[in-house]
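Structure first, commentary second.
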Amino acid sequence: MKIYRTLLFAAIIMVASFTAIYFYMFSDNATPTKAIFSKKRILVLAEVYQNPYWQIIRKGAEDAAANRGCVIEYEGPQTQSLSESLKIFDMGIAASVDGILTYIEQERSYDAIIKKATDRSIPVITLDADAKNSSRNAYVGTDNIEAGKQAGIKLTDITYGKAEIGIIMAGKTITSQEDRVRGFRDYIRKFNGMKIIATESSDSDVIEAELVVRHMLDLHPELTALYCTSSVDGIGAARAVMDTGRNGKISIVCFDDLPETLDYIRHGVINASIVQKPYDIGYDSVNLVMDMLGGKKCNGQYLKGIQVVDKDNVNNYNTEKGEIN
Amino acid sequence: MKKQSFRYSLLGFSGLMLILMIFIGGFSVLVINSVEAKYSNMIDKMLSINGIGNDINSSVFNFDKYFTTKSDSDRLGYERFYHSAVDKLTLIDSNKSSERLRMNIEDLRKLLGNYYSNAEAAIREFKITGRNEDCYAYFVEAKQIASYSGEYVKRLNNSYLDYNDSVYKILKFKTENGRTIIVLFLVCTIIFSGIFSALFSRMITQPMGGLASRAEEIARGNFQMNKMETVGIYEIDLLQAGFTKMAQEIKELIDKITESANIEKRLNEQELKNLLVENMLKEARLKALQSQINPHFLFNTLNAIAQTAILEGAIMTEDLINAVSELLRYSLSMIDRKSKIGSEISIVAQYVIIQETRFKDRIKFHIDVEKSLGDVEVPGMILQPLVENAFVHGIESLEDGGIIEVKVYRDNGNCIILISDNGCGMSKDRLNALLKGEYEPKGNTTGIGVKNVIHRLRLLYDREDVFSIESEEGLGTRIYIKIPIEHDRGEAYA
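Keeping their order, the protein sequence lines are chains A and B. Heads up, the first sequence is in this note's numbering, so the first residue is 69 and it goes up one at a time. Heads up, the second sequence is in this note's numbering, so the first residue is 548 and it goes up one at a time.
What follows is the structure in structure tokens.
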């Protein structure tokens, strides 16, 4: 009879364990409650949605949001578009988001919409590019004039003060780009051998950047250096230089540390890159806007430093936390 | 050990199996229900999200129309669709959803709120002041906001699809695992029932086999029962106990019968012994009686008579008395001793003298002995009683011509003594009775009967053919005594 008791016992254990498994796996352990969504919603309006540089900013912002208990609504036009950006901005206002972190496509064009937001007491922080005369609460981004100056110093070093320079910008009317060019130009003015021959826009698109550079090289075969003021321009320029077989004949200084950019630096196609700190920009701006929502007064410019990365330090410079691979 | 009825065991087992099967069925149903509920919930929500966009569009359409028609039905339509959208939004909101989804819901909720407040403001202004600038601004703003709703619904849809993707993955995982669990459970149950059945059947058949082999043992007559182990099944234990008890009782019964048979046998033996003792007593009494007549006195008297007969010149008388005396002496002394054929023959001769004297020529004796056989040893007093018997029962009744013949001859290493007469013979029945020792011819004899002779011969030589008899009524009797010469059996008769 002992065996019978054992078997009975086994059966009971079997039933019990399977019941336990069922309840563990299939029961809705908590009925959904209609708790109101109380987290602050922060709209991050990127220059271009897919832009890798902005993806790093997004990562920084989302990390900060996780810490501060808010959520990020990362939005942006699929291609660079002022009207699209403004529409997204307005949509944010229509949805009464709690804070807006935005790229400024054209300084003056944003004044009205920023005012609409601040009138509804939605704090607005400009990222990467500023709109100083608007009612925006703060700016977080690179000191673009300083960044341009550093680029000028690096290119002068590389070319020994003698170069025929082509400039590729993400957009000729974009404040940040203009600042970078201004800082660059102000520095190289001191050197007679440094000449700017051409300036073109890539509209912040890699393929367009490549085409622009090809065109530029065709028009100006005497070019010996390229200055690219945005992250994608450097890659486009490097591709064009490679494809036209001018590798080594043309010095390139560009911006940011996208993986492809770093690869080109390792291979000597790109000579140097001015690396911003997009992760910090995203991270700090979210903290700032949360501080504001907490009642803290935060106004003015919060400038982030830059690093110059070349072949010597490409493998061991202080890699940004949010680097995307 | 607790005893359990076979019936209850079987019932319990089937019950357990039933419960397990029900459990499996229930489990499957629950799994299917759970999964189905989640799927239908998913689809409901997707339809709701789609409905929100339509509701907002309908609301805006009615709102817009209201400003041209001023009809209450349009206003009500605008309101109804707005509330329907809000309700749907509330329906799909759940704290279990992904953060992104909830964010999108919140966006849309706020957007709807802004739309409604602007729309209400526009209607209010419209009612108070008509189509003025303020009214128009609110009107435009409301429509602008509503136009964004499409984008937000799209985002919501995307988020929900993303969220559902993860939910679906979990659901799929659960469904697959549920199936695995059911199969596992089924396999477990099958194994379980297999083990149970095997054990159960063994538990029943084993004691049955034991019982069967015991039954065989009993059939073979072995009642020695080892104590059988109880198996814990009530019926089988009962059967075993009953069987054991039965075997024990049979054994006791047989023992009892054997004992009483033994007693009876012993009783018979005792009776036989008693009988023998009685016989011996009788014999002893006879001997005592015999010994009362002093043989010396008898012999002396006979001698005296013989001498008197000599003195008186009666030679015949003297011979007769001598013969009687000799016969008497021999019969008294040789009954328990070994003798020789020669001595036996001479005693027969004395007897013949006496009988010849009595019956004169009515009877003739022929004695023919092979010379070399005179020294063959035989028990004493065997020949004379037979001759006497032949005389008394065969010849005496004849008027004339009776012949008694005694022949001793060698045959095939045996000494054959043949006593034949031509008297009246015996019937077959009587012959058999005589041979079996059941019949004793009665009459006028010197004392020792035929039965005694046959008995002694058989006892001494331990064989049936030592004595044989042929007889035919009216023709005579022939008695053969076969004595082996090689073996001197006389020694045993001391």
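The C-beta atom is built at its ideal place from N, Cα and C for all residues, glycine as well.
Is there contact between the segment 253 to 266 of chain A and the segment 184 to 198 of chain A, where contact requires at least three CB pairs shorter than 8 angstroms?
Counting Cβ pairs under 8 angstroms, fewer than three are found: no touch.
Based on the DSSP output, what are the partners of Thr194 (chain A) in its beta bridges?
DSSP lists A:Thr170, A:Tyr207 as the beta-bridge partner residues of Thr194 (chain A).
Among the residues of its own chain, which have a CB less than 6 angstroms from the CB of Leu930 (chain B), if the five just before and after it don't count?
Around Leu930 (chain B): Glu891, Val895.
Consult DSSP for Tyr504 (chain B) and reduce its assignment to one of helix, strand or coil.
No answer is possible for residue 504 (chain B): the residues shown for chain B start at 548 and end at 1041.
Minimum Cβ-Cβ distance from Met775 (chain B) to chain A less than 7 angstroms
It does not: the Cβ of Met775 (chain B) has no partner Cβ on chain A nearer than 7 angstroms.
Alpha helix (DSSP H) runs contained entirely in the segment 215 to 290 of chain A, provided each spans 4 or more residues
Counting only runs of 4 or more, we get 243 to 256, 274 to 287.
Would you call the segment 110 to 130 of chain A and the segment 143 to 153 of chain A in contact, with 3 or more CB pairs under 8 angstroms?
They touch, by the three-pair rule.
Tell me the start and end of each unbroken alpha helix (DSSP H) in the segment 787 to 814 of chain B that is at least 4 residues and wholly inside, in chain order.
Scanning the segment 787 to 814 of chain B for uninterrupted alpha helix (DSSP H) segments of 4 residues or longer gives nothing; none is fully contained.
Please tell me whether Lys657 (chain B) has its Cβ less than 7 angstroms away from any Cβ of chain A.
Contacts with chain A at 7 angstroms (Cβ-Cβ) include Lys657 (chain B).
Option in A:Lys222, A:Leu330, A:Pro289 with minimal Cα separation from Gly251 (chain A):
Looking at the Cα atoms, A:Lys222 is the closest of the given residues.
Taking C-beta pairs closer than 7 angstroms, name the residues in chain B that Val357 (chain A) reaches, listed in chain order.
In chain B, no part has a C-beta under 7 angstroms from the C-beta of Val357 (chain A); the shortest such distance is about 16 angstroms.
Three-state class that DSSP yields for Gln691 (chain B) in the structure shown:
Assigned with DSSP and collapsed to three states, Gln691 (chain B) falls in helix.
Would you tell me roughly how many angstroms separate the C-alpha atoms of Tyr1040 (chain B) and Phe844 (chain B), rounded to the nearest one?
Confidence in Tyr1040 (chain B) is poor, its pLDDT being 43 and thus under 50, which makes the residue's placement too unreliable to answer from.
Of all the CB atoms in chain B, is at least one closer than 7 angstroms to the CB of Gly390 (chain A)?
Annotation note: pLDDT 41 at Gly390 (chain A) (below 50); position unreliable, coordinate value reported separately. Judged by the 7 angstroms Cβ criterion, Gly390 (chain A) is not in contact with chain B.
Thinking C-beta only, is Gly598 (chain B) closer than 7 angstroms to Asn609 (chain B)?
Contact: no.
In terms of alpha-carbon separation, which member of A:Leu76, A:Leu291, A:Cys296, A:Lys200 lies closest to Lys240 (chain A)?
Among A:Leu76, A:Leu291, A:Cys296, A:Lys200, the Cα nearest to that of Lys240 (chain A) belongs to A:Cys296.
Residues that DSSP places opposite Thr848 (chain B) in a beta bridge
According to DSSP, Thr848 (chain B) bridges with nothing at all.
Given a threshold of 16 other Cβ atoms within 10 Å of its Cβ, counted over all protein chains shown, does Ile193 (chain A) qualify as buried or as exposed?
With a threshold of 16 other beta carbon atoms within 10 Å, Ile193 (chain A) meets it and is buried.
Unbroken alpha helix (DSSP H) run spanning Glu631 (chain B), endpoints
In the sequence under discussion, the amino acid at residue 631 (chain B) is Ser, which differs from the Glu named in the question. Its alpha helix (DSSP H) spans residues 619 to 639.
Along chain B, which residues have their Cβ under 8 angstroms away from the Cβ of Arg248 (chain A)?
What Arg248 (chain A) touches in chain B, judged by beta-carbon distance under 8 angstroms, is nothing: the nearest beta carbon there is about 33 angstroms away.
Just to confirm, are Ala206 (chain A) and Asn367 (chain A) a CB contact at a threshold of 7 angstroms?
Yes, Cβ-Cβ distance for Ala206 (chain A) and Asn367 (chain A) is below 7 angstroms.
Pull the bridge partners of Arg109 (chain A) from the DSSP assignment, please.
Beta-bridge pairing links Arg109 (chain A) to A:Val139.
So, does the CB of Ser177 (chain A) fall closer than 7 angstroms to a CB anywhere in chain B?
Taking Cβ atoms only, chain B never reaches closer than 7 angstroms to Ser177 (chain A), which makes this a no.
Could you give the distance in angstroms between the alpha-carbon of Gln369 (chain A) and the alpha-carbon of Lys612 (chain B)?
Roughly 48 angstroms between the two C-alpha positions.
Spell out the partners DSSP gives Glu1019 (chain B) in its beta bridges.
Beta-bridge annotation (DSSP): Glu1019 (chain B) is paired with B:Gly1023.
Ala84 (chain A) versus Ile742 (chain B) - alpha carbon distance:
Roughly 20 angstroms separates the two Cα atoms.
When we look at the beta-carbon of Arg884 (chain B) and count the other beta-carbons within 10 Å, is it buried (16 or more) or exposed?
Per the 10 Å Cβ criterion, exposed.
Excluding the 5 residues preceding and the 5 following Glu816 (chain B) in the sequence, name in chain order all residues of the same chain whose CB lies nearer than 7 angstroms to its CB.
The answer is none, since no qualifying residue turns up.
Answer with buried or exposed for Tyr171 (chain A), where buried requires no fewer than 16 other C-beta atoms within 10 angstroms of its C-beta.
By the C-beta density criterion, Tyr171 (chain A) is buried, having at least 16 other C-beta atoms within 10 angstroms.
What beta strand (DSSP E) runs, 3 residues minimum, are completely inside the segment 894 to 949 of chain B?
Look at the segment 894 to 949 of chain B and you find these whole runs of beta strand (DSSP E), each 3 residues long or longer: 910 to 916, 924 to 926.
Residues, ordered as in the chain, of the segment 646 to 679 of chain B that lie near chain A by beta-carbon distance below 9 angstroms
Closer than 9 angstroms at the C-beta level to chain A, one finds these residues of the segment 646 to 679 of chain B: Glu646, Arg647, Arg649, Met650, Asn651, Ile652, Glu653, Asp654, Leu655, Arg656, Lys657, Leu658, Gly660, Asn661, Tyr662.
Smallest Cα separation from Gly970 (chain B): which of B:Tyr956, B:Lys954, B:Ile942, B:Val955?
Measuring from the Cα of Gly970 (chain B), the nearest candidate turns out to be B:Ile942.
Straight-line Cα distance separating Gln795 (chain B) from Arg1036 (chain B):
Model confidence at Arg1036 (chain B) stands at a pLDDT of 45, short of 50, so the residue's coordinates are unreliable; what they give is reported in the following sentence. The straight-line gap separating the alpha-carbon atoms of Arg1036 (chain B) and Gln795 (chain B) is approximately 56 angstroms.
Leaving out five residues before and five after Leu1022 (chain B) in sequence, what residues of the same chain have Cβ atoms less than 6 angstroms from its Cβ?
The beta carbon of Leu1022 (chain B) sits closer than 6 angstroms to the beta carbons of Gly972 from its chain, once the five residues preceding and following it are set aside; these are given in chain order.
Would you verify that the beta carbon of Met262 (chain A) is, or is not, closer than 7 angstroms to some beta carbon of chain B?
Met262 (chain A) does not count as touching chain B.
Alpha carbon to alpha carbon, how far is Asp784 (chain B) from Thr777 (chain B)? Give it in angstroms, no decimals.
Near 6 angstroms, if we compare the C-alpha coordinates of Asp784 (chain B) and Thr777 (chain B).
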